[in-house]
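Protein chains in written order, with my numbering: chain F, 405 to 517; chain R, 405 to 517.
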């Protein structure tokens, strides 16, 4: 995962809004039409549509027309790159702690001599 | 973790930029002075300072003055709420799959009768 990955920026940007996170949580339960997603937000439909576009561009949801209704569904695997990036950071950090640990141990052995 | 958590929005917003992610990756290895963080970005110092402010406001880094130098350090536990939020989404999704599974199994038993 490159640090300059534009998809990763798009993904984190999509998650950086409470309305968009609430929509994702709702869709994790089951797919839903746009009007049903809009209702609990208290926002106007065009605003909700803009949020849905951001989520769709980030690959987090897919939308499909069913007659006159647009139905949204979660794409759960889309969160994987964000999760991987965080795991990488943790791995770098833990490697650092291991090095510190090894350093302290060798210093202690040195003083015991 | 509330879906309206402003800290979570700030956290994801901080992660939604490649320069800021590169700085975090660098700091996961060890603390570093601002000038050293700025060098590989190719950005002007005031721009880098703005990125550092966003990271600090999100709680992802801490900064301390050492003489005339400002040194930045990662706050690794600050990523935990973002990780928890993703884990929650996965749990909701998996509960849904379990319900679907139970439904299909009960339907199959119904047809066998």
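Ideal Cβ placement from N, Cα and C applies to all residues, glycine included.
Touch test, the region 468-476 of chain F against the region 436-445 of chain F, Cβ-Cβ under 8 Å, three pairs minimum: Flag = yes, the region 468-476 of chain F and the region 436-445 of chain F touch.
Cβ-based neighbour list, residue 415(F), same chain, cut-off 8 Å, excluding 5 preceding and 5 following: Excluding positions up to five away in sequence, the list reads 462, 463, 464, 482, 483, 485 and 486.
For residue 455(F) and residue 424(F), believed in contact at Cβ under 8 Å, the rounded distance: Their Cβ separation, rounded to whole angstroms, is 5 Å, which keeps residue 424(F) and residue 455(F) in contact under 8 Å.
Cβ-based contacts, 8 Å cut-off: residues of the region 419-432 of chain F near chain R: Within the region 419-432 of chain F, the residues whose Cβ lies closer than 8 Å to some Cβ of chain R are 419, 420, 421, 422, 425, 426, 428, 429 and 432, listed in chain order.
Nearest residue (CA-CA) to residue 492(R), options 511(F), 507(F), 430(F) and 512(F): It is 430(F).
Contact set for residue 516(R): own chain, Cβ-Cβ below 6 Å, skip 5 residues either direction: Setting aside the 5 residues that flank it on each side, residue 516(R) has no residue in the same chain whose C-beta is closer than 6 Å to its C-beta.
Inter-residue Cα distance where the pair is residue 419(R) and residue 417(F): When only Cα atoms are considered, residue 419(R) and residue 417(F) end up about 8 Å apart.
Candidates 506(F), 447(F) and 489(F): closest to residue 410(F) by CA position: Minimum Cα distance to residue 410(F) is reached at 489(F).
Contact list for the region 471-493 of chain R against chain F, Cβ threshold 8 Å: Cβ contacts with chain F come from 478, 480, 483, 486, 487, 489, 490, 492 and 493.
Close-in-space but distant-in-sequence residues of the same chain around residue 432(R) (CB under 6 Å, 5 per side omitted): Correct list, in chain order: 478.
Positions along the region 433-450 of chain F whose CB lies within less than 7 Å of some CB in chain R: Those residues of the region 433-450 of chain F that come within reach of chain R (Cβ to Cβ, closer than 7 Å) are 433 and 434.
Secondary structure of residue 435(R), DSSP reduced to three states: The answer is coil: DSSP assigns residue 435(R) none of H, G, I, E or B.
Contact check, residue 421(R) vs residue 413(F), beta carbons under 8 Å: Yes, the Cβ-Cβ distance between residue 421(R) and residue 413(F) is below 8 Å.
Beta-carbon proximity check, residue 497(R) vs residue 444(F), cutoff 8 Å: Their beta carbons are not under 8 Å apart, which means residue 497(R) does not touch residue 444(F) by this criterion.
Residue 474(R) in three-state terms, based on DSSP: In this structure, residue 474(R) counts as strand in the three-state DSSP scheme.
Expected contact under 8 Å - CB spacing of residue 459(R) and residue 428(R) to nearest Å: Confirmed, about 7 Å.
Endpoints, the alpha helix (DSSP H) within which residue 484(R) is located: In the DSSP assignment, residue 484(R) falls within the unbroken alpha helix (DSSP H) covering 484-516.
Partners in chain F for residue 417(R), counting only beta-carbon separations shorter than 7 Å: Those are 420, listed as they occur along chain F.
Span separating the alpha-carbon of residue 468(F) from that of residue 451(R): The alpha-carbon of residue 468(F) is positioned some 41 Å away from that of residue 451(R).
Buried or exposed by the 16-neighbour rule on C-beta atoms within 10 Å, applied to residue 506(R): The residue is exposed, with fewer than 16 neighbouring Cβ atoms inside 10 Å.
Straight-line gap, residue 426(F) to residue 442(F) (C-alpha atoms, nearest Å): One C-alpha to the other measures close to 11 Å.
Simplified DSSP state of residue 462(F), which is helix, strand or coil: DSSP places residue 462(F) outside both helix and strand once states are collapsed to three, so it counts as coil.
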